[in-house]
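Protein chains in written order, with this note's numbering: chain A, 239 to 499; chain B, 55 to 341. As structure tokens, the structure follows; a few thoughts come after it.
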Amino acid sequence: MEADIFVKRRKERLIFLALLITLTVGSMIITEYDMMKGFTSIIKALIWGFSHFYPDTKSMRLLPDILISLKETVLMSIAATTVAAVFALLLAVAGSRTTRLNKLSSVVARGIASLFRNIPLVVWAMVLMLVFSQSLLTGYLALFFGSFGFLTRAFMETIDEVSNNSVEALLATGAGYFPIIFQGVLPSCLSQMISWILFMIDTNIRDATLVGLLTGTGIGFSFDFYYKSFNFHAASLVVILIVITVIVVEMISNGIRRVIM
Amino acid sequence: MKMEKSMKICGQLSSDEIAGDWGDIRPLNRATLTVRIFLLVLSVLTIYALATIDYQSVGMAKAVADTLHNFKIIFLEPEANRLNLWEAFYEIVITMGLAFLTTLFSGIIALFLGLMAAKNLSPKTVTRVIKGFVAFIRSVPTILWVLIFAVSAGLGSVAAVIGLTFHSISYLTKAFSESFEELDRSVIEALMASGANWWQIVFQAVIPSSVTYLLSWTFLRFEINFANAVAMGAAAGAGGIGFDLFMDSGFYFDLREIGLITYILIAFAMVLEAISTNIKGKIKTRA
Chain A
239 MEADIFVKRR KERLIFLALL ITLTVGSMII TEYDMMKGFT SIIKALIWGF SHFYPDTKSM
299 RLLPDILISL KETVLMSIAA TTVAAVFALL LAVAGSRTTR LNKLSSVVAR GIASLFRNIP
359 LVVWAMVLML VFSQSLLTGY LALFFGSFGF LTRAFMETID EVSNNSVEAL LATGAGYFPI
419 IFQGVLPSCL SQMISWILFM IDTNIRDATL VGLLTGTGIG FSFDFYYKSF NFHAASLVVI
479 LIVITVIVVE MISNGIRRVI M
Chain B
55 MKMEKSMKIC GQLSSDEIAG DWGDIRPLNR ATLTVRIFLL VLSVLTIYAL ATIDYQSVGM
115 AKAVADTLHN FKIIFLEPEA NRLNLWEAFY EIVITMGLAF LTTLFSGIIA LFLGLMAAKN
175 LSPKTVTRVI KGFVAFIRSV PTILWVLIFA VSAGLGSVAA VIGLTFHSIS YLTKAFSESF
235 EELDRSVIEA LMASGANWWQ IVFQAVIPSS VTYLLSWTFL RFEINFANAV AMGAAAGAGG
295 IGFDLFMDSG FYFDLREIGL ITYILIAFAM VLEAISTNIK GKIKTRA
């Protein structure tokens, strides 16, 4: 019997490998991906990057403009996350198993969250573009809808996971619905929720570049503009500023997490 | 003085908002203070952002009404106009192919980088260098990598796959190295004492014990890569369903077809999620 297991395992591995290779070759054919071109373009990109993709003195003069759009983007990401978090909290309380009003509210809340979460950010951006045109509001709303779906789900799971004991204890003392939520559920989930909010701000600042590119606002637009006018020195300056921002935000959020968790 | 005052204010604010009457009873330790300051800063920034946002004379009421109207068309009247269903399906398969190649390449590379970045398996300098490198890659948004590679490779699947792979490598390396680090130090020491070399330790102990994590991270990343591949199609013209989406909204203003594409995307996302949950369950029961 022992030997059979090894034979079976080897067979399984071979089948898995064959499947993987078929899928790989299949996807390469469908997407017209050229392996050689892939490798050579990495090298070419590196050479090009070192020779063209760095900020020069001329691009430094654009720094104030870029900083303004960077500030706009960061503020937009933060505002979208915060407002989304407030709405997500309300919906999560209505939808979580421990705090829901009734079964129906839970089903409705989960449905809304899943709808918002599964519609890609790109779709939000494109659809909102039609009405709000190229304004920061488009980006703001796209990020808001995306974060709203994600945070609702995250908050619901946090409430389910964390607050069971305290809710039971408060129920035993005869506390009402709102005291339970404000005294029991929220305080015990707060640090977890803040961790999720931090994560979302982080993600949103990254995604804001993409949304900005699509909707023609903020730092994404700055990059796109310089990129398309072949002003690569300025474009590289944008990239460097984004990197610095993301790293700083990451450091701040790690610091906060370390203190509160 | 100013600092003290603002702290006092924020204490009052959040004790009303969050802790209710408990504010007086609970001691103000570092954690609660941080939470309060964080919430205060967040709300101030948000209010400032919302107040200074450039609304560009968008009539709010009309815009909201129009958006709702658009949503009604998108979700209730989806229709295929330029694409037929079969073509839309094929475009999705292309997007899927991009995501698959990306995940495969980055998974393989990240496996090795992850081993080198794990504290218990590699010398300190190596882990530091790799972790720093990976953190840098991660902080540049995916779309920018794709566009940067598009300069040398031209817009298309090559730039998309390489750009997405770059980002995906950095994500998976972090995840992989963290799951490697969970392995008990004593296991490695025992194997070392019995004379096993580094490769034997890796393939007999480290990878088998963390294979569940590795696979579930990879599947998670596949889902993210799928979403990213859609976005790359739209923002960088990398082909696939994202490009059709972009054309429909940017050039044809065809809301009905956006609706159709959205539905197909949602369906695919849900199928992916179901498959990955299923596979994860299977791996878990076997392990």
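Glycine included, C-beta positions come from ideal geometry on N, C-alpha and C.
Partner residues on chain B for residue i, Cβ-Cβ distance less than 7 Å
i: Lys282 (chain A); result: Ser206
i: Asp272 (chain A); result: Val212
i: Phe383 (chain A); result: None at all; the shortest Cβ gap to chain B is about 11 Å.
i: Tyr465 (chain A); result: Leu201
i: Leu214 (chain A); result: Any question about residue 214 (chain A) goes unanswered here, given that chain A covers just 239 to 499.
i: Arg444 (chain A); result: Pro195
i: Ser265 (chain A); result: Gly151, Phe154, Leu155
i: Leu452 (chain A); result: Ala288, Ala289
Exposed unless 16 or more other CB atoms sit within 10 angstroms - verdict on residue i
i: Lys249 (chain A); result: exposed
i: Ala249 (chain B); result: In the sequence as presented, Ala is not what sits at residue 249 (chain B); that position holds Gly. Exposed: under 16 other Cβ atoms inside 10 Å.
i: Met150 (chain B); result: buried
i: His123 (chain B); result: exposed
i: Gln430 (chain A); result: buried
i: Thr354 (chain B); result: Since the first residue shown for chain B is 55 and the last is 341, residue 354 (chain B) is missing from the structure and cannot be characterised.
i: Val331 (chain A); result: buried
i: Phe297 (chain B); result: buried
i: Phe35 (chain B); result: Here chain B comprises residues numbered 55 to 341, so residue 35 (chain B) is not present and cannot be evaluated.
i: Pro177 (chain B); result: exposed
i: Ser240 (chain B); result: exposed
i: Val194 (chain B); result: buried
i: Gly387 (chain A); result: buried
i: Trp253 (chain B); result: exposed
i: Met274 (chain A); result: exposed
i: Glu311 (chain B); result: buried
i: Ala358 (chain A); result: For clarity, residue 358 (chain A) is Pro in the given sequence; the question names Ala instead. Answer is buried; the Cβ neighbour count reaches 16.
i: Leu226 (chain B); result: buried
i: Asp302 (chain B); result: buried
i: Leu448 (chain A); result: buried
Neighbour list for residue i in chain B, Cβ cutoff strictly below 9 Å
i: Tyr415 (chain A); result: Neighbours of Tyr415 (chain A) on chain B: none; closest Cβ ~14 Å, over 9 Å.
i: Val484 (chain A); result: Arg192, Ser193, Val194, Pro195
Chain-ordered chain A contacts of residue i [CB-CB under 7 Å]
i: Ile318 (chain B); result: Neighbours of Ile318 (chain B) on chain A: none; closest Cβ ~11 Å, over 7 Å.
i: Asn124 (chain B); result: Val365, Leu368, Val369
i: Met301 (chain B); result: By Cβ distance, chain A contributes nothing, its closest Cβ being about 10 Å from Met301 (chain B), past 7 Å.
i: Ala115 (chain B); result: Per Cβ cutoff of 7 Å: no residues; Ala115 (chain B) is ~12 Å from chain A at best.
Residues that residue i contacts on chain A, provided the C-beta gap is smaller than 9 Å
i: Tyr102 (chain B); result: Leu313, Ala317
i: Ser97 (chain B); result: Thr320
i: Ala328 (chain B); result: Neighbours of Ala328 (chain B) on chain A: none; closest Cβ ~12 Å, over 9 Å.
i: Gly296 (chain B); result: Pro358, Val360
i: Thr121 (chain B); result: Val365, Leu366, Leu368, Val369, Phe370, Leu379
i: Ala85 (chain B); result: Ser429, Val497, Ile498, Met499
i: Ile107 (chain B); result: Glu310, Leu313, Met314, Ala317, Ser373, Leu374, Leu375, Tyr378
Residue i: contacting residues in chain B (beta-carbon distance under 8 Å)
i: Lys275 (chain A); result: Ala207, Val212
i: Tyr292 (chain A); result: Result: empty, since nearest Cβ-Cβ is about 12 Å, beyond 8 Å.
i: Ser279 (chain A); result: Phe203, Ser206, Ala207, Val212, Ala213, Ile216
i: Ile494 (chain A); result: Thr88, Phe92
Contact set between residue i and chain A, taken where Cβ atoms lie within less than 8 Å
i: Phe307 (chain B); result: Leu368
i: Leu198 (chain B); result: Thr447, Phe461, Val477, Ile480
i: Arg90 (chain B); result: What Arg90 (chain B) touches in chain A: nothing, since even the nearest Cβ is about 10 Å away.
i: Arg310 (chain B); result: Under the 8 Å cutoff, chain A gives no residues; its nearest Cβ is about 12 Å from Arg310 (chain B).
i: Ile128 (chain B); result: Val365
Interface flag, residue i vs chain C, CB-CB below 8 Å
i: Thr269 (chain A); result: No chain C appears in this structure, whose protein chains are A and B.
### Task
Quick one: which residues of the stretch 230-264 of chain B get their C-beta closer than 7 Å to a C-beta of chain A? List them in chain order.
So the list is empty, because no residue satisfies the distance condition.
Please name the residues in the stretch 146-162 of chain B whose beta-carbon is closer than 8 Å to at least one beta-carbon of chain A, in chain order.
Those residues of the stretch 146-162 of chain B that come within reach of chain A (Cβ to Cβ, closer than 8 Å) are Val147, Ile148, Met150, Gly151, Leu152, Phe154, Leu155, Leu158.
query = Can we say the stretch 365-374 of chain A touches the stretch 447-464 of chain A, given the rule of at least three CB pairs closer than 8 Å?
reply = Touching, per the Cβ criterion.
Assess contact between the stretch 291-301 of chain A and the stretch 466-484 of chain A, defined as three or more Cβ pairs (one per stretch) separated by less than 8 Å. Is contact present?
Yes: at least three Cβ pairs fall under 8 Å.
Handout entry: Meets three-Cβ-pair contact criterion under 8 Å: the stretch 228-248 of chain B and the stretch 256-263 of chain B
Key = Result yes; three or more Cβ-Cβ pairs closer than 8 Å.
Q: Pick out the complete alpha helix (DSSP H) segments inside the stretch 181-214 of chain B, 4 residues or longer, and give them in chain order.
A: Runs of the alpha helix (DSSP H) lying entirely within the stretch 181-214 of chain B, each at least 4 residues long, are 196-207 in chain order.
Any chance the stretch 311-321 of chain A sits against the stretch 379-387 of chain A, with 3 or more Cβ pairs inside 8 Å? The stretch 311-321 of chain A is in contact with the stretch 379-387 of chain A.
- Query: Given a limit of 9 Å on CB to CB distance, which residues of the stretch 356-374 of chain A reach chain B?
  - Reply: Within the stretch 356-374 of chain A, the qualifying residues are Asn356, Ile357, Pro358, Leu359, Val360, Val361, Ala363, Met364, Val365, Leu366, Met367, Leu368, Val369, Phe370, Ser371, Gln372, Ser373, Leu374.
- For the stretch 281-310 of chain B, which segments carrying the alpha helix (DSSP H) assignment without a break, of at least 4 residues, lie completely within its bounds, in sequence order? List check, alpha helix (DSSP H) in window: 295-301.
Whether or not the stretch 192-204 of chain B and the stretch 130-141 of chain B are in contact is what I'm after, with contact meaning three or more pairs of Cβ atoms, one per stretch, closer than 8 Å; do they touch?
Because the criterion of three Cβ pairs below 8 Å is not met, the stretch 130-141 of chain B and the stretch 192-204 of chain B do not touch.
query: Is the stretch 349-362 of chain A close to the stretch 411-421 of chain A, with three or more CB pairs under 8 Å?
result: Because the criterion of three Cβ pairs below 8 Å is not met, the stretch 349-362 of chain A and the stretch 411-421 of chain A do not touch.
Exercise. Using a Cβ cut-off of 9 Å, which residues of the stretch 409-436 of chain A contact any Cβ in chain B, in chain order?
Worked result: Answer in chain order: Pro417, Phe420, Gln421, Leu424, Pro425, Leu428, Ser429, Ile432, Ile435, Leu436.
**Request:** Would you list, in chain order, the members of the stretch 166-195 of chain B that have their beta-carbon closer than 9 Å to a beta-carbon of chain A?
**Result:** The stretch 166-195 of chain B vs chain A, Cβ under 9 Å: Ala189, Phe190, Arg192, Ser193, Val194, Pro195.
I'd like to know if the stretch 303-314 of chain A and the stretch 428-447 of chain A are in contact, where contact means that at least 3 CB-CB pairs between them fall below 8 Å. Segments in contact, yes.
inquiry  = Which complete alpha helix (DSSP H) runs does the stretch 214-269 of chain B hold, if anything under 4 residues is left out?
reply    = Correct list: 239-247, 252-255.
query = Can you list the alpha helix (DSSP H) stretches of 4 or more residues lying completely in the stretch 277-326 of chain A, in chain order?
reply = Counting whole runs of 4 or more residues, the stretch 277-326 of chain A contains the alpha helix (DSSP H) stretches 295-298.
Length at least 4, wholly inside the stretch 378-426 of chain A: the alpha helix (DSSP H) runs in chain order = Complete alpha helix (DSSP H) runs here, min 4: 402-410.
Alpha helix (DSSP H) runs contained entirely in the stretch 323-371 of chain A, provided each spans 4 or more residues: The qualifying runs are 341-356, 359-370.
- Query: With a cut-off of 8 Å, do at least 3 Cβ pairs link the stretch 333-346 of chain A to the stretch 481-488 of chain A?
  - Reply: The answer is no - the stretch 481-488 of chain A does not touch the stretch 333-346 of chain A, with fewer than three Cβ pairs under 8 Å.
Closer than 7 Å, Cβ to Cβ, to anything on chain A: give me those residues from the stretch 262-291 of chain B, in chain order.
The stretch 262-291 of chain B vs chain A, Cβ under 7 Å: Ala281, Val284, Ala285, Ala288, Ala289.
Using 8 Å as the threshold, is the stretch 181-191 of chain B in touch with the stretch 259-276 of chain A, meaning 3 or more CB pairs across them?
Contact between the stretch 181-191 of chain B and the stretch 259-276 of chain A is absent, with fewer than three C-beta pairs closer than 8 Å.
- Task: Would you check if there are 3 or more beta carbon pairs closer than 8 Å linking the stretch 369-376 of chain A to the stretch 401-408 of chain A?
- Result: Taking a contact to require three or more Cβ pairs closer than 8 Å, the stretch 369-376 of chain A and the stretch 401-408 of chain A do not qualify as touching.
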